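Residue numbers (our numbering), protein chains in the order written: chain A, 427 to 1197; chain B, 65 to 231; chain C, 6 to 293.
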Amino acid sequence: MSGRNVVGKNVRKVDGLKLVTGGAAFTDDIQLPGMLYGKILGSPHAHARLKRIDTRKAKALLGVHAVLTYKDVPRVPHTTAGQSWPEPSPYDTYLLDSKVRYVGDRVAAVAAESRAIAERALRLIEVEYDVLPAVLDMEQAMAPGAAVIHDESDSKGIHDREHNVAGYIHRGIGDVEQGFRESDCIFEREFRTQRQQHCPIEPHITISWLDANDRLVIRTSTQVPYHTRRQVAMILQIPVSRVQVIKPRIGGGFGGKQEMLLEDIAGALAMAARRPVKIEYTREEEFYMARTRHPQILRMKMGVKRDGTILASHMIVLATTGAYGSHAGTVQGNTGSKVLPLYRAPNMLFHCHVVYTNTPVAGAFRGYGCPQGFFAQETLADEIARELGMDPLEFHSRNVIRLGDIDRLSAQLGEGKEGLPRVIRSCGLPQCMERGAEAIGWREKRAKTQDGGHLKRGVGMACTMQGSGIAGVDWASAFLKMNEDGAFFLQAGAADVGGGADTVLAQIAAETLGVTIDKIVITSGDTDSTPFDVGAYASSTTIISGGAVKKAAEKVRAQVLGLASKLLDTPPDKLECANNEVFTTCACRKSVSMSDLAMHALYKEKLQIMDGASHFNTDSPPPFCATFAEVEVDTETGQVRVVHLATAVDPGVAIHPKLAEGQVEGAVAQGLGYALTEELVLDGAGRPLNANFCDYKMFSAKDMPKLTTILVETDEPLGPFGAKSISEVPINGPAPAIANAIFDAVGVRIRKLPIRPEDVLKALRSEVAAQ
Amino acid sequence: MKTMEVRLKVNGEGKQFAVAPGEVLLDVLRREGYFGVKRGCEKGECGACTVLVNGRPVNSCLMFAAQAEGAEVLTIEGVAHGDVLDPVQEAFLDSGAVQCGFCTSGMIVSARALLDRRPDPTEEEVREVMAGHFCRCTGYLKPVEAVLAVARKTKRGGRKQTARVAR
Amino acid sequence: MFDKVEAFHRPDTIGEAIRLLGSSKGARVVAGGTDLVVHGDQSARVLIDITRAGLSYIRRRGASCVIGATTTMAQLEESDAIRGLAGGVLAHAAATCGSIQIRNVATIGGNIANASPAADLATPLLALDASVVVAAPGGRRKVGLAEYLAGARGRSLVKSLLVEVVIPEPARGPRCGWSFQKLGRTAVDISLVNAAVGLQLDSKGRVKWARIALGAVAPAVVRASAAEEMLTGRVLDRSATDAASAEVARAVSPISDVRATAQYRREMSRVLAGRALEECAARAGWPL
């Protein structure tokens, strides 16, 4: 965009220096005198009652300062989901309980003087379990006779406790049956997706202590400081204002830290021991005692006319949320509300059961229900296009949502309640498709015939979208004050979890105030010193937190201009701010530097230039994405090598193009693992089989394909400087694009993730056998 | 608990650490204040704990502290040259290779070791080095580009940029 | 976590290492730590670091190449002698053993002594008819690799130390070809299947000898002797390699685990053996 000085520029990250020099920046990078090591005793059984629990020997061990069981703590039903109050997830979780519902569920917790003593103490806790039948298969969870996982009477918000249904959704627009009757062709397929784990390189970690004023301080790796504060206060039954949550630098979140996970137990231990307590998950615990993506079984049915127009789409989903209902209704709600309306079908129906199983707990994970839904929809769309003899590009162009359209389904499927209709005010999807197709060599590669070798190549595509913040729910606030040197302190509740939010917010403030980026000093994510922000999720930070920062900066700018007007004897409307100074726009070029103005304000006017603002949107403008994959299938081993992955995204305006590209590249890497290699596997007793990096395979630097990232910028009226979002949408495309590319290469459809070599080989064999 | 004395050099400084016989180097380094060395998996898989021991990158979570007796260890804290950032650090900052930063310490240390041995590596060689570092944020592209950029700049005899190092 | 470890020793001779090993039930040998630390042996009370006991070397001794037990993967990869040995199969295998950080400390002795069915070095070593030298209080003895691996289960109770690997010089000549193949789920992975194959042809393309070893598809690395015999004396063409590969698939007894099913491993044994034979043929100047 012309005339912008900071926004749209690739400034160095404001926290970059600290990170490249190994500065003490993360939760664990402090040493507190007397700090104890906390550890959780996880259940060895998938489903059991604690018949007897005796902690006397553990308590008597030298160096142990606290041991807690359900008998020692208040019983407060809650959800751990980091969502706005009242959270739309069931209140079915307890700090510590007399029942355990998955392998790894909390049995007890200890705080001791060293990790070794803590581990020894855990082994000294005597537990007698009354082992109950476990429900491990989501397809059996609602069956008559299945064990009831949440049979407790005090949990709230569970849709149908007796049948293990945490959440249920049945919403639509139009009349799908009528739509199918009018269709020339109907296609119906089933798809399955797996349990993926976030694998942040920094596992969950929390340090909690009582300060000198007896306030509970929680220093933690979180995406949601404010929700966590509220929830911890409620669970520990202390006033919110007695709790402080501090978010330092975070080593990745991806949704796994949109959760109150260790903060409550760390706080409880700190209060019991009256010493600081650190709890950190080992990598193994991170895999199965944190959160995962929701596995789903999706049945998708689409009715089309012969010319490719989609008349009706009906999606039926069975998902499991694991042992507790964190994000149960909202993730799956997204599977419907963000996926189906990609197409302009007048009739849509979304029908979903979210069931409990005695398995690791599912929660928020980048994409939030969309990767599952788009895998189904975009793979089916490709199949339909081929059956109709259409280029998938043409099929998409005909059907995808357009600028000016209204998405009425989102009014039906808000976050757990009635939502708001969505108007598309910016849409770069056509250009995304065109430029992505060009980057991958779509036309040439589809036309090429294969040679006779065992390596076969193919190309595939997928179109996807997401949201930018939750309409009418996500909100943020920010505060700015001016200092003597013309620098502004920006206090934002927003949670930078590594993607560069602090930098982007500083850019927005700097651009609005007319200063250089070094003149913004940002503090974020501290519930004592920064104002409220829902936190980093739903792709909300740039658009919502950024919106608040822009508003606050505009108010402060007005104060600056007000004082400058006095100093320069010129009306404010004839003044401009740029380059750390205020100057007149008329012929007499008068100016005052920001620092001179500040000195004058503070010491002559006795005025602190400062102000704050809040912001939310009543709509959630979607970023759009077209993903193109070229694969090479080894027909002897079934291995699929992704040769090239091109992602064209419309994020609105990219406030920081390199950080925006970084979001695409990181999301796509997770999408590649989701498509081909990642799955947390459980055995017949619900125990994890591959809770480590050796056996749970992520893509490494050697596995990555050639990546092309194309930013197709549009101007979104609801976003600061035209920005929407980019952090989630690129993760949705790789799985369907790859599945479609495999079909293009070897003529087999895989409808189950991850797509393993064995699956490809098996499909190839049955394809050959069928012919 | 009986401790033993381990004498070694860390970032050029002579050090003497009191360690338990079964302690790993990662835990000792962090206890001694080298917070830049990160704990990610404790099984030598993620590379976040990477330090150089006698010039070679190793996972400090797999090495017993006592095995570092007499060794020269380089951590991320020792990569900069006094107040001046190393070209690898500059390149990481300029190319958007740093997102959350948790894997960054290890990557920079390994990249520095690579460039010291092979000033002009191929992309394949850089990816081989990066394959020992899991990053969940960047997809590896910008870190790889950063290392190749340093190699190109050094080849051209590029001017080093200076920056104040936070203390 | 090794909080129960009471003492850490760094003997500078093998004799001292053996003595320490025998002195306590909880004594454990450590070199690179890439197995010991990862598996977290809670019964360890005394750690004996043998990396300073003079076991890091690569030499010729008579008609053999001898490698000290604490020679690292990186040293094997970088050694001209190892790269020149048997078409470099051992160097190639060493280069696939994990990341650079791992290869900088992981040792050939550890790879063999820990006897993981997927140990990548064992496969080419078996194809090369290697032996190991084991030191015990009573002295040293040389044991064939297959015999050593077969006794691996009882190893922890026997206070012996693997000190050297001996590789008899394989036949040289223009019509020799060697190949190492590995299949993993990603580029850096424990082998689902690995194969080390070597052969020599006469001037008419007939196989004078063939060595075929497979790893990760049986409790220990195996030689596919039936396949080797089938090839000997036969002209090396596609029908020969197909027949030999099919025979290899019959020689293995893989398991199913979270990485792959037994059926897939068996099938991939055939595919990898075929590819290795094809590569050997090309290197022997007899492309199929």
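We put the beta carbon where it would ideally sit given N, CA and C, even for glycine.
Since we're looking at a predicted model, the values are computed, not measured.
**Prompt:** Nearest to Arg-770 (chain A) by alpha carbon, out of A:Gly-830, A:Met-715, A:Arg-812, A:Pro-721?
**Reply:** Position 344 of the first sequence, counted from the first residue, corresponds to residue 770 (chain A). Nearest option by C-alpha distance: A:Gly-830.
**Opposing strand residues paired with Asn-199 (chain C) [DSSP bridges]** = Indexing the third sequence from 1 puts residue 199 (chain C) at position 194. DSSP lists C:Lys-187, C:Gly-220 as partners of Asn-199 (chain C).
**Request:** Have a look at Trp-401 (chain A) and Asp-900 (chain A) and give me their C-alpha separation to the nearest angstrom.
**Result:** Any property of residue 401 (chain A) remains undetermined from this structure, which presents chain A solely from 427 to 1197.
**Request:** Could you work out which residues of chain C lie near Asn-1116 (chain A), taking near to mean beta carbons separated by less than 8 Å?
**Result:** On the first sequence, residue 1116 (chain A) is found 690 positions in, with the first residue counted as 1. Neighbours of Asn-1116 (chain A) on chain C, chain order: Val-263.
**Prompt:** Can you name, in chain order, every residue of its own chain whose Cβ lies under 8 Å from the Cβ of Leu-162 (chain C), other than the five neighbours on each side?
**Reply:** On the third sequence, position 157 is the one that residue 162 (chain C) refers to. Confidence at Leu-162 (chain C) is low in this model, with a pLDDT of 49, below 50, so its placement is unreliable and the value that follows should be read with caution. Taken in chain order, the list of residues that qualify is empty.
**Request:** Could you say which of C:Ala-36, C:Arg-146, C:Ala-151 lies nearest to Thr-112 (chain C) if we only look at CA atoms?
**Result:** Here residue 112 (chain C) corresponds to residue number 107 of the third sequence, with the count starting at 1. It is C:Ala-36.
**Request:** Name, please, each residue of chain A whose Cβ falls closer than 8 Å to the Cβ of Phe-198 (chain B).
**Result:** The sequence position of residue 198 (chain B) within the second sequence is 134, counting from 1. Going along chain A in sequence order, the residues near Phe-198 (chain B) (Cβ under 8 Å) are Cys-625, Ile-627, Phe-1119, Met-1124, Ser-1126.
**Request:** Mark Ala-1116 (chain A) as exposed unless 16 or more other C-beta atoms lie within 10 angstroms of its C-beta, in which case mark it buried.
**Result:** Along the first sequence, one-based indexing puts residue 1116 (chain A) at 690. Per the sequence presented here, residue 1116 (chain A) reads as Asn, with Ala not at that position. Buried: at least 16 other Cβ atoms inside 10 Å.
**Prompt:** If you follow the beta strand (DSSP E) that Ile-948 (chain A) is part of, which residue opens it and which one closes it?
**Reply:** As a first step, residue 948 (chain A) must be located in the first sequence, where it is residue number 522. Where Ile-948 (chain A) is concerned, the enclosing beta strand (DSSP E) stretches over 946-950.
**Request:** Please find out if some non-hydrogen atom of the ligand NAD comes closer than 7 Å to the beta-carbon of Val-42 (chain C).
**Result:** Absence of the ligand NAD is noted for the structure shown, with no ligands found whatsoever.
**Message:** Helix, strand or coil, according to DSSP, for Val-432 (chain A) in the structure here?
**Reply:** Within the first sequence, the letter at position 6 stands for residue 432 (chain A). Reduced to three states, the DSSP call for Val-432 (chain A) is coil.
**Asked** What number of angstroms, rounded off, separates the C-alpha of Val-2 (chain C) from the C-alpha of Ile-1176 (chain A)?
**Response** In the structure as shown, chain C begins at 6 and stops at 293. Residue 2 (chain C) is therefore absent and cannot be evaluated.
**Message:** Nearest by alpha-carbon distance to Glu-106 (chain B): which of A:Arg-645, A:Glu-711, A:Asp-518, A:Val-533 is it?
**Reply:** Indexing the second sequence from 1 puts residue 106 (chain B) at position 42. Per the Cα distances, A:Glu-711.
**Item:** Buried or exposed by the 16-neighbour rule on C-beta atoms within 10 Å, applied to Ser-667 (chain A)
**Value:** In the first sequence, residue 667 (chain A) corresponds to position 241, counting from 1. Result: exposed.
**Asked** Can you list, in chain order, the residues of its chain whose CB lies under 8 Å from that of Asn-1006 (chain A), leaving out five sequence neighbours each side?
**Response** What you label residue 1006 (chain A) is simply residue 580 of the first sequence in a count that begins at 1. Within the same chain, Asn-1006 (chain A) has close Cβ partners Gly-912, Gly-940, Val-941, Thr-942, Lys-945, Ser-1019, Met-1020, Ser-1021.
**Asked** Of all the options A:Met-891, A:Glu-809, A:Thr-1103, A:Arg-700, which has the alpha carbon lying nearest to the alpha carbon of Leu-855 (chain A)?
**Response** Taking the first residue of the first sequence as 1, we reach residue 855 (chain A) at position 429. Comparing Cα-Cα distances from Leu-855 (chain A) to each of A:Met-891, A:Glu-809, A:Thr-1103, A:Arg-700, the minimum goes to A:Met-891.
**Near-chain B residues of the region 29-62 of chain C (beta-carbon distance less than 8 Å), N- to C-terminal order** = Val-35, Gly-37, Gly-38, Thr-39, Val-42, Val-43, Ala-49, Leu-52, Asp-54, Thr-56
**Message:** Check whether the region 531-551 of chain A and the region 594-603 of chain A are in contact - that is, three or more C-beta pairs closer than 8 Å.
**Reply:** no
**Message:** Any beta carbon from chain C within less than 8 Å of Arg-120 (chain B)'s own beta carbon?
**Reply:** In the second sequence, residue 120 (chain B) corresponds to position 56, counting from 1. True, the Cβ-Cβ gap to chain C drops below 8 Å.
**Message:** Which residues in chain B have a C-beta closer than 7 Å to the C-beta of Ser-104 (chain C)? List them in chain order.
**Reply:** On the third sequence, residue 104 (chain C) is found 99 positions in, with the first residue counted as 1. Per Cβ cutoff of 7 Å: Gly-111, Ala-195, Gly-196.
**Prompt:** Do three or more CB pairs link the region 654-662 of chain A to the region 127-136 of chain B at distances below 8 Å?
**Reply:** no
**chain A contact for Tyr-153 (chain C) (CB, 8 Å cutoff)** = As a working note, residue 153 (chain C) is residue 148 in the third sequence. Judged by the 8 Å Cβ criterion, Tyr-153 (chain C) is not in contact with chain A.
**Request:** Flag this pair as touching only if the region 921-938 of chain A and the region 614-623 of chain A have three or more C-beta atom pairs under 8 Å; answer yes or no.
**Result:** no
**Item:** Range of the contiguous beta strand (DSSP E) that encloses Ser-169 (chain B)
**Value:** Counting from one through the second sequence, the residue named residue 169 (chain B) turns up at place 105. Taken as a continuous stretch (DSSP letters only), Ser-169 (chain B) belongs to no beta strand (DSSP E), being part of the alpha helix (DSSP H) at 168-181.
**Message:** If you reduce the DSSP assignment to three classes, tell me which class Leu-204 (chain C) lands in.
**Reply:** For the purposes of this step, residue 204 (chain C) is taken as residue 199 along the third sequence, with counting starting at 1. Leu-204 (chain C): strand per DSSP, three-state reduction.
**Request:** With DSSP as the reference, label Asp-911 (chain A) as helix, strand or coil.
**Result:** Numbered from its first residue, the first sequence carries residue 911 (chain A) at position 485. If DSSP states are grouped into helix, strand and coil, Asp-911 (chain A) belongs with coil.
**Proximity to Pro-1180 (chain A) [Cα-Cα], best of A:Leu-688, A:Arg-438, A:Asp-954, A:Gln-1065** = What you label residue 1180 (chain A) is simply residue 754 of the first sequence in a count that begins at 1. It is A:Gln-1065.
**Asked** Going by the beta-carbon positions, is the gap between Trp-635 (chain A) and Ala-537 (chain A) smaller than 8 Å?
**Response** Indexing the first sequence from 1 puts residue 635 (chain A) at position 209. Indexing the first sequence from 1 puts residue 537 (chain A) at position 111. Cβ distance not < 8 Å, so Trp-635 (chain A) and Ala-537 (chain A) don't count as in contact.
**Message:** Can you tell me whether Ser-515 (chain A) is buried or exposed? The criterion is at least 16 other CB atoms within 10 Å of its CB, across all chains shown.
**Reply:** In the first sequence, counting from the first residue as 1, residue 515 (chain A) sits at position 89. Classification of Ser-515 (chain A): buried, given that the 10 Å Cβ count is 16 or more.
**Prompt:** Applying a beta-carbon distance threshold of less than 8 Å, which residues of chain B neighbour Glu-11 (chain C)?
**Reply:** As a working note, residue 11 (chain C) is residue 6 in the third sequence. Within chain B, the residues near Glu-11 (chain C) are Lys-66, Pro-85.
**Prompt:** For Lys-219 (chain B), is the classification buried or exposed, using 16 other Cβ atoms within 10 angstroms of its Cβ as the cut-off for buried?
**Reply:** In the second sequence, counting from the first residue as 1, residue 219 (chain B) sits at position 155. Answer is exposed; the Cβ neighbour count stays below 16.
**Prompt:** With 16 as the cutoff for other CB atoms within 10 Å, does Lys-477 (chain A) come out buried or exposed?
**Reply:** Here residue 477 (chain A) refers to the residue found at position 51 when the first sequence is read from its first residue. Exposed, since its Cβ has fewer than 16 Cβ neighbours within 10 Å.
**Asked** What does Thr-632 (chain A) pair with, by DSSP beta-bridge criteria?
**Response** Position 206 of the first sequence holds residue 632 (chain A). Paired residues: A:Thr-646, A:Ile-705.
**Asked** From Pro-402 (chain A) to Lys-1132 (chain A), what distance separates their C-alpha atoms?
**Response** Missing from the structure shown is residue 402 (chain A); chain A here goes from 427 to 1197 and no further.
**Request:** Might you give, ordered along the chain, the residues of its own chain that have their beta carbon closer than 7 Å to the beta carbon of Pro-665 (chain A), omitting 5 neighbours on each side?
**Result:** By one-based count along the first sequence, residue 665 (chain A) stands at place 239. For Pro-665 (chain A), where only same-chain residues beyond five positions count, the Cβ hits under 7 Å are Ala-659.
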